[in-house]
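Colleague:
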Amino acid sequence: MSHWLGRQARFILAAFLLLTAGGVFALTHLPVSLFPTIQFPRIAVALEAGDRPVDQMEATVTRPVEDALRAVPGVRNIRSQTSRGSAEVSVTFDWGADIVTAALQSESELARLAPSLPAGFFFNVRRMDPTIFPVMGYSLTSNTLSQVELRTFAQYTLRPLLAAIDGVVDVSVLGGHEAEFEVLVDPARLQARGLSVADVESTISASNIVSASGRLEDRSRLYLTIVDDQLSGTRDIEEIVLRSIPGGGVISVADVADVALSIAPNWTRVTADGRSAVLVNIRQAPDANSLALTSGVKAALARETSGFPKDLTITPYYDQSDLVVSAAGSVRDAILIGTLLAGLVLFLFLRSLRLVLIVAILLPSVLAATALLLMALGQSLNIMTLGGMAAAVGLIVDDIVVMLEHIARRLSEGTKTVLDASSEMIRPLIGSSLATIVVFTPLAFLSGVTGGFFKALAITMASSLVFSMIFAMTVVPVLARFLTRQQDAERAERAGGWLDRIANAYGVLMKPLLQHARVASLALVAVALGAGLFSSSRIASGFMPQMDEGGFVLDYVAPAGLSLTETDRLVTQMEAIIQSNPDVASYSRRTGLQLGGGLTEANEGDLFIRLKPFPRRPIEDVMADLRRQVSETVPGLEIETIQLIGDVIGDLTAVPQPIEVKLFGNDAASLSRAADQALAALETVRGVVEVRKSDRTAGDAIVITLNRTAMALDGLDPASVSTQIETLVGGRTAGTILDGQRSLNIRLWSPEGLRQRVPQLEDLMLRALDGHLVPVERIAKVEIVSGQAQSSRENLQPMTAVTGRLEGRDMGSAMVDVRKAMGSVALPAGVRYAFGGLYAEQQKSFADLVTVFAAAFLLSGLLLVFLFRSLAQAASILSVVGLSVAGVLSGLYLTGTELNIAAMMGLTMVIGIIAELGIFYFAEIEGDAASHESKIEAGKARLRPILMSALIAILALSPLALKLGQGSALLAPMATAIISGLIIGAPLVLIAAPLIHAALAQKSPRPA
């Protein structure tokens, strides 16, 4: 190997420089986003079918749709929620399914079913991914422009401008008002002229046409013949002739109705910082560059702002790029700080600037080469890939340092050249690197939320370790040959005086321990096992690590059936509380709408609240403070608070709450009682807040029950009665008028004075076939019916759920109490319950990670047996790995860190890191027959590289563990787990490994 390195030195350096240059190019061209591109196997199907009652909607629409979607291949779970006239069906597929194909197949099934469903049926299929929420949001406000003008500007000027920007997949406009023409027909004037509402509607529709009537060729020209009778405004509508009068004269629309340009009925409200506003939400494509998109949007607005209305204020209410830049910057800073600390340790141990220079050259080159591979694999720069680089810094430096330390030691002995010394380390270096890399192999098979988010981190770390191993074997010897001198090696050896004292103490300690290896080994195992069991029983557990995003979503629900006006009044009181909070920078509010879509009644909605930059209170304290103030000040308004990333993950998994008790049963009354019981039980659990039933009650309904006999006597039929009531109460569209780019509806309606109160419905006059007027009360019974609860189903079974969020408590301990509370509830007969929510996702993720941990442990064992051909050595290293796991659990407990999926990832990585250190140790001894003295000498020889490796890894990870910045918080549990494993594992490699090997070596068979 040394001869090959000598001959190919120029080629190695050229390839090294080429990879580095390519990596620098990749770093500047990789797309930047908050999270990796994740294909979540879920679609959401929104259904609409008029305003029919919940039971009819479920029977005639939701159930047939569920049955149809069940036929789509790969469906794992179907969950539906039905409300008045609308429903949402969530369909979850197997992980790894082609979700694009699945969505198309679902649309095909629904299109096939549509003709058999009620008239007015409409559906929309959405693929669920992290881009369902906007990446940017702007509010439009003005002191002089009307809400119609604001919406028109947003819809027809701003939306096309922003939609053309690269990476933008959708621009939606919320709020404001849409203009329309109102034709307010007067029943008395209609009767006096012998006309009906239907006559007015059909005449307006027939009088507003434009159609092609064929082609005409005249000499050398070809003409298209167009018949044009388009309406253009209020006067045109008024002048439409409804009937001619015998003897002369006509009856026009103006004779029976008042026509005016007005606004369309709107059952939503949108505000920004307390002012009526129009919101423009920008969604990015899954593979788009968030920073480039943001820059493009800002540049487009700056470029076109001179042409915007003068009194128009466009304010960003949400900009994900702020979080992306902050999170990525904090991880970048963690890499830089960790690198500097690693360099300091290296200099402390080796006292050679030349050796430190080699590390300074190689570390950024490894990270650059990793970026090049990420580009080839279609990855982006996000929290997970950058976090993978930060977590890998210590391991990268470790490979380089081990090689440099060995070269320095051999050079100081004066027996080897640089290339000869490096050749001696090739085999153990490959083995140690593979021990870490092999751990990441099972991670490639992770599914669910864990796989979606952390697979990118695993790919990044594995890639960086592969390049680190290759560079350590090839580039390090070549650079060391050119840059190091004999005096560098001698200086490195002289710098280890204090290490000699530690090594001597190590020898004194190990001699008696090795003489009683079995007893010492059992004592170490007992202590570690006891510490691990103690810590594991007390450690907090969660799902995804939390970070302060600088903003959160506040969902609210007013009492069922409350009007939009009254809901707006209550929410305005809550807005006053939000505006008075010193930590709040701005907010936007939606009533009757939600940021992420979904079923929304007029008495519910949400706010996105953006906080001021640091220094300020932690976001959890702000949310708890607002929750307390709203509950005390605005009674009747129920709220839930959640950070946006948590809301996104919740929506992607169909349930955003950590705790969910799902109740199943066929009897609606029993389910309702069970839900009340479960709600009462959860409210008694400490730390569980915002306890809600999932099936909310819709507002009261006015039911007009027709009397067939009475209708027949007056010459009426149900269809004509329904049409006339619809026109008089809700209005019917009789056509449209083009106004530039806009299409304005013509709404046929009754005067507002006839439809303001419930009793007025009985007095509405309907026209019979012979022209006489009939009051509604004569042919129907009008009564108010209490609102119906929304209906939920899961996998075709009736289901209701009770959900809760956590405050000041971890998920694991809270769920222990939730289980106890539910165990004491005597549910009605025929009702059973199961746990869902993010807790169910946590349990699945933990089960997957335990499987990954076991697979990584077994693969490491196989590799160790292959490398050493000794079961005793392999078992010794794996035993130290097991003891290190106890150290990880103890470290998490002592630091108050939750055991979540990030910590579990760190726990898995500890296997490879400790196995790597163990390989370096056993590479110094000669098989199972090694004497106690040789074990001690091996420990002394490997003391410096093992301590250096451990310290460098610990210090490189410390910025992440200390949560220096927003992005670091997501990876802090993983860093804490690795650091804890190293603090315990590195000394145990030197102490426990030789003890366990001494106890096992004599009876261990040697593989052939």
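Counting in my numbering, the sequence shown runs from 32 upward without gaps.
Glycine is no exception: its CB is placed at the ideal position from the N, C-alpha and C atoms.
Any idea what DSSP makes of residue 965, helix, strand or coil?
Modeller: On the sequence shown, residue 965 is found 934 positions in, with the first residue counted as 1. Of the three classes helix, strand and coil, the one that applies to residue 965 here is helix, per DSSP.
Colleague: Could you name the residues that DSSP lists as bridge partners for residue 282?
Modeller: Along the sequence shown, one-based indexing puts residue 282 at 251. Note: residue 282 sits in a beta bridge opposite 274.
Colleague: Please identify the residue among 108, 497, 482 and 103 whose C-alpha is closest to the C-alpha of residue 828.
Modeller: What you label residue 828 is simply residue 797 of the sequence shown in a count that begins at 1. Checked all of 108, 497, 482 and 103; the closest Cα to residue 828 is 108.
Colleague: Using alpha carbons as the reference points, say which of 605, 39 and 430 lies closest to residue 465.
Modeller: In the sequence shown, residue 465 corresponds to position 434, counting from 1. The shortest C-alpha separation from residue 465 is found at 430.
Colleague: Who are the Cβ neighbours of residue 640 in its own chain at under 7 Å, not counting the five residues just before and after it?
Modeller: By one-based count along the sequence shown, residue 640 stands at place 609. Excluding positions up to five away in sequence, the list reads 582, 583, 585, 609, 615 and 618.
Colleague: Confirm, please, whether the CB-CB distance from residue 544 to residue 1026 is below 7 Å.
Modeller: Here residue 1026 corresponds to residue number 995 of the sequence shown, with the count starting at 1. Here residue 544 corresponds to residue number 513 of the sequence shown, with the count starting at 1. Judged by beta-carbon spacing, residue 544 lies within the 7 Å limit of residue 1026, meaning their Cβ atoms are closer than that value.
Colleague: Going by C-alpha to C-alpha distance, which of 380, 201, 188 and 422 sits closest to residue 335?
Modeller: Walking along the sequence shown from the start, residue 335 turns up at place 304. Residue 188 is the option with its Cα nearest to residue 335.
Colleague: Mapping the DSSP letters down to three states, classify residue 701 as helix, strand or coil.
Modeller: Translated into positions along the sequence shown, residue 701 becomes position 670. Helix.
Colleague: Pull up the distance between the alpha-carbon of residue 746 and that of residue 800, whole angstroms please.
Modeller: Reading the sequence shown from its first residue, position 715 is the one you call residue 746. Reading the sequence shown from its first residue, position 769 is the one you call residue 800. Each residue's Cα considered, the two are about 6 Å apart.
Colleague: With 16 as the cutoff for other CB atoms within 10 Å, does residue 715 come out buried or exposed?
Modeller: Indexing the sequence shown from 1 puts residue 715 at position 684. Exposed, since its Cβ has fewer than 16 Cβ neighbours within 10 Å.
Colleague: Could you round the C-beta distance between residue 377 and residue 397 to whole angstroms and report it? I think they count as a contact, below 8 Å.
Modeller: The residue given as residue 377 occupies position 346 in the sequence shown. The residue given as residue 397 occupies position 366 in the sequence shown. At roughly 15 Å, the Cβ-Cβ gap does not stay under 8 Å, so residue 377 and residue 397 are not in contact.
Colleague: Which same chain residues end up closer than 6 Å to residue 281 when comparing Cβ atoms and leaving out the 5 residues on each side of it in sequence?
Modeller: Your numbering for residue 281 matches position 250 in the sequence shown. So the qualifying residues of the chain are 272 and 275.
Colleague: Can you tell me whether residue 719 is helix, strand or coil according to DSSP?
Modeller: Numbered from its first residue, the sequence shown carries residue 719 at position 688. Three-state DSSP puts residue 719 in a strand.
Colleague: Are there 16 or more other CB atoms within 10 angstroms of the CB of residue 803, so buried, or fewer, so exposed?
Modeller: In the sequence shown, residue 803 corresponds to position 772, counting from 1. Looking at its Cβ environment, which holds fewer than 16 other Cβ atoms inside 10 Å, residue 803 is exposed.
Colleague: With H, G and I counted as helix, E and B as strand and the rest as coil, what does DSSP make of residue 642?
Modeller: Position 611 of the sequence shown, counting from 1, holds the residue named residue 642. If DSSP states are grouped into helix, strand and coil, residue 642 belongs with the strands.
Colleague: Any idea which residues DSSP pairs residue 213 with across the strands?
Modeller: As a first step, residue 213 is located in the sequence shown; it is residue number 182 there, counting from the start. For residue 213, which the question treats as bridged, DSSP gives the partners 291 and 778.
Colleague: Does the Cβ-Cβ distance between residue 330 and residue 170 come in under 7 Å?
Modeller: Locating residue 330 in the sequence shown gives position 299, where the first residue counts as 1. Locating residue 170 in the sequence shown gives position 139, where the first residue counts as 1. Their beta carbons are not under 7 Å apart, which means residue 330 does not touch residue 170 by this criterion.
Colleague: Alpha carbons only, please: which of 256, 310 and 245 is nearest the one belonging to residue 202?
Modeller: Your numbering for residue 202 matches position 171 in the sequence shown. Closest option to residue 202, Cα to Cα, is 310.
Colleague: Do three or more CB pairs link the segment 779-786 to the segment 757-770 at distances below 8 Å?
Modeller: yes
Colleague: What three-state label does DSSP hand residue 309 in the structure shown?
Modeller: Along the sequence shown, one-based indexing puts residue 309 at 278. Looking at residue 309 - three-state DSSP - the assignment turns out to be strand.
Colleague: For residue 159, which three-state DSSP category applies?
Modeller: As a position in the sequence shown, residue 159 is number 128, starting the count at 1. Coil.
Colleague: Looking at the unbroken beta strand (DSSP E) that takes in residue 574, where does it start and where does it end?
Modeller: Counting from 1 along the sequence shown, the entry for residue 574 is found at position 543. That residue, residue 574, is in no beta strand (DSSP E); it is neither H nor E in DSSP.
Colleague: With a threshold of 6 Å, establish whether the CB of residue 975 neighbours any heavy atom of the ligand HEM.
Modeller: Summarising the ligand content, the structure contains no ligands, and the ligand HEM is consequently not present.
Colleague: Taking contact to mean 3 or more Cβ pairs, one atom from each stretch, closer than 8 Å, check whether the segment 837-848 and the segment 92-112 are in contact.
Modeller: no
Colleague: For residue 472, name the three-state secondary structure that DSSP assigns.
Modeller: Locating residue 472 in the sequence shown gives position 441, counting from the first residue. Taken through DSSP and simplified to helix, strand or coil, residue 472 comes out as coil.
Colleague: Once the 5 residues before and after residue 503 are set aside, which same chain residues still bring their CB inside 7 Å of it?
Modeller: The sequence position of residue 503 within the sequence shown is 472, counting from 1. Closer than 7 Å at Cβ, skipping near neighbours: 430, 431, 434 and 460.
Colleague: Could you give the distance in angstroms between the alpha-carbon of residue 312 and the alpha-carbon of residue 361?
Modeller: As a position in the sequence shown, residue 312 is number 281, starting the count at 1. As a position in the sequence shown, residue 361 is number 330, starting the count at 1. Rounded to the nearest angstrom, the two C-alpha atoms are 27 Å apart.
Colleague: Using a threshold of 7 Å, state whether the C-beta atoms of residue 949 and residue 908 are closer than that.
Modeller: Position 918 of the sequence shown holds residue 949. Position 877 of the sequence shown holds residue 908. Closer than 7 Å, so yes.
Colleague: Does the Cβ-Cβ distance between residue 124 and residue 72 come in under 7 Å?
Modeller: Numbered from its first residue, the sequence shown carries residue 124 at position 93. Numbered from its first residue, the sequence shown carries residue 72 at position 41. In this structure, the beta-carbon distance from residue 124 to residue 72 falls below 7 Å.
Colleague: Taking Cβ positions, are residue 1011 and residue 918 nearer each other than 7 Å?
Modeller: Reading the sequence shown from its first residue, position 980 is the one you call residue 1011. Reading the sequence shown from its first residue, position 887 is the one you call residue 918. In contact: residue 1011 and residue 918 (Cβ atoms closer than 7 Å).
Colleague: Could you spell out the range, first to last residue, of the beta strand (DSSP E) harbouring residue 674?
Modeller: Translated into the one-based positions of the sequence shown, residue 674 becomes position 643. Per DSSP, residue 674 belongs to the beta strand (DSSP E) from 669-674.
Colleague: Among all the DSSP beta bridges, which residues are the ones paired with residue 203?
Modeller: Mapped onto the sequence shown, residue 203 falls at position 172. Paired residue(s): 312.
Colleague: Please state if the CB of residue 344 and the CB of residue 172 are separated by a distance shorter than 7 Å.
Modeller: Stepping through the sequence shown from its first residue, residue 172 is reached at position 141. Stepping through the sequence shown from its first residue, residue 344 is reached at position 313. Yes, the pair counts as a contact, with Cβ atoms nearer than the cut-off.
Colleague: Looking at the unbroken beta strand (DSSP E) that takes in residue 169, where does it start and where does it end?
Modeller: Your numbering for residue 169 matches position 138 in the sequence shown. In this chain, the beta strand (DSSP E) harbouring residue 169 covers 167-173.
Colleague: Reducing DSSP to helix, strand and coil, say where residue 830 ends up.
Modeller: For this step, residue 830 is matched to residue 799 along the sequence shown. Looking at residue 830 - three-state DSSP - the assignment turns out to be strand.
Colleague: So residue 808 is in the alpha helix (DSSP H); what residue range does that whole segment cover?
Modeller: As a working note, residue 808 is residue 777 in the sequence shown. For residue 808, the enclosing alpha helix (DSSP H) starts and ends at 807-810.
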